[in-house]
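Numbering (our numbering), first residue to last: 228 to 391.
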């Protein structure tokens, strides 16, 4: 389907409306996942743990063993992937970290970090808000293009001139 020049503002308007609808859906999903993740974190206990071991069989893929400093909770292993060519592992053996400890399933326990704890909602909200910012720009372009087309029609300016 070829888009004609006269049709371009209408197509762009529909694309902008589609972007706006997609952004609303993404923002709603982002808020939903944030609440879901936050509810999970409320079920966890915030404890202080010490890194007692790091097992890295492959570079960039590590199992970090955390042990609660007072020994009240069972130790658990946390799996982390990182880009070994660009950065180092963010956990160091012997250091202490705050951990969201989930007693019902200790494999779901995770370090206290906004990006680790809320990554899904963060990504959805960022994409949703960026789409939301793009839609008004597209509507502005549509209005400006329509205004130019109206001026051409009103004053008889032609894009193509055929002479004999």
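C-beta atoms are modelled at their ideal positions from N, C-alpha and C, and glycine is treated no differently.
With respect to residue 239, residue 372 sits close: the two C-beta atoms are nearer than 9 Å. With the rule of 3 Cβ pairs closer than 8 Å, the stretch 256 to 273 counts as touching the stretch 328 to 338. Note that the stretch 350 to 360 touches the stretch 247 to 258; at least 3 beta-carbon pairs, one per stretch, sit closer than 8 Å. Setting aside the 5 residues that flank it on each side, residue 315 is surrounded in the same chain by 309, each with a C-beta closer than 8 Å to its C-beta; the list follows chain order. When the five nearest sequence neighbours on each side are left out, the beta carbons in the same chain lying within less than 8 Å of the beta carbon of residue 343 are those of 337, in order along the chain. Note: residue 281 is bridge-paired with 291 in the DSSP secondary-structure output. For residue 333, there is no enclosing beta strand (DSSP E), as DSSP marks it with neither H nor E.
Burial is judged here by how many other beta carbons sit within 10 angstroms of a residue's own beta carbon; residue 327 has at least 16 and is buried. If you look at residue 304, you'll find it in the beta strand (DSSP E) that goes 303 to 308. With a contact defined as Cβ atoms closer than 8 Å, residue 359 and residue 250 qualify at about 4 Å. The Cβ atoms of residue 295 and residue 289 do not sit closer than 9 Å to each other. In the DSSP assignment, residue 372 forms no beta bridge with any residue. Residue pairing by DSSP places residue 276 opposite 295, 324 in a beta bridge.
Rounded to the nearest angstrom, the Cβ distance from residue 260 to residue 276 is 26 Å, too far for a contact under 8 Å. In the displayed model, residue 271 falls within coil according to three-state DSSP, outside both helix and strand. Annotation for residue 234: no alpha helix (DSSP H) segment contains it, and DSSP assigns it neither H nor E.
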